[in-house]
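The structure appears below as structure tokens.
In the numbering used here, the protein residues as written are 880 to 1121.
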């Protein structure tokens, strides 16, 4: 991804943020304020280094999955709140961890594109890969049919209580990483959707998430351009009783 492309994507995401938040609420989800790589202090910091100027989505998404598996979020790790005035600021040490993870992964990728650095990091944090799904749009396939296939694949695994997913999105000119946690609770499924470009979205029924995600894939400028979704499905080892 070139700096020009990265800047264009961030600008369009910023302009669309409020509209995106409203669609999440419309489909029954909730929106939580979250440090993201497009706006505010975090965006300013990552632009200071050439190694992270194009974005930290891979490092961010990996760290988010680790945080979610511990019952928190990456935002909680990065945010320090003053007890007196309740104002918050970034915890630079946590930001540095994400940036280092991103830079290390990018460096390894340039040397060996086939090496799955982020998967290795997750495995070292007691995750295990239980499935991998690569969904590519067929030449004659309508966009809404493709979006439906992707959504069904995301929510298809119901064998474990908690499932974690790293999803790599690819267009002709760029790539992006997001993370999802799916928590199966008796007769319903809670879905936490984390895109490093946006706030944190939570849906309390899988069908609500599915409907929103299909809409998002059809209408969001970035997702609607993606013709390939690579979904790595993981479980945390302690969820298996080990």
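Glycine is no exception: its CB is placed at the ideal position from the N, C-alpha and C atoms. Note that the structure is a prediction, hence the values are computed from the model and not measured.
Each residue's CA atom was taken as its position, placing residue 950 and residue 1019 some 42 Å apart. Of the other Cβ atoms in all chains shown, fewer than 16 fall within 10 Å of the Cβ of residue 1097; this residue is therefore exposed. Here residue 1070 is buried, its C-beta having at least 16 other C-beta atoms within 10 Å. At least 8 Å separates the beta-carbon of residue 1007 from that of residue 1107. When C-alpha distances from residue 931 are compared across 916, 941 and 1104, the shortest belongs to 916.
Contact between residue 1087 and residue 906 is confirmed by a C-beta separation of about 5 Å, below the 8 Å threshold.
Assignment of residue 1052 by DSSP, reduced to helix, strand and coil, places it in the coil class. Comparing C-alpha distances from residue 1040 to each of 1060, 1055, 988 and 959 shows the shortest one belongs to 1060. Here residue 992 is exposed, its C-beta having fewer than 16 other C-beta atoms within 10 Å. Contact between residue 1028 and residue 1111 fails: their C-beta atoms lie close to 17 Å from each other, not under 8 Å. The straight-line gap separating the alpha-carbon atoms of residue 976 and residue 925 is approximately 12 Å. Taken through DSSP and simplified to helix, strand or coil, residue 1041 comes out as strand. One thing to note: residue 899 has its Cβ within 8 Å of the Cβ of residue 1077. Between the region 964-984 and the region 937-953 there are three or more inter-stretch CB-CB distances shorter than 8 Å, so the stretches are counted as touching. With 16 or more other CB atoms across the displayed protein chains lying within 10 angstroms of its CB, residue 1056 is buried. The residue among 1004, 1068, 1023 and 989 with its C-alpha nearest the C-alpha of residue 1104 is 1023.
It is roughly 7 Å from the alpha-carbon of residue 940 to the alpha-carbon of residue 1075. For residue 1015, the enclosing beta strand (DSSP E) begins and ends at 1006-1015. With at least 16 other beta carbons inside 10 angstroms of its own, residue 1068 counts as buried. Residue 981 and residue 1033 have their alpha carbons spaced roughly 24 Å apart. Collapsing the DSSP output to three states places residue 1064 in a strand.
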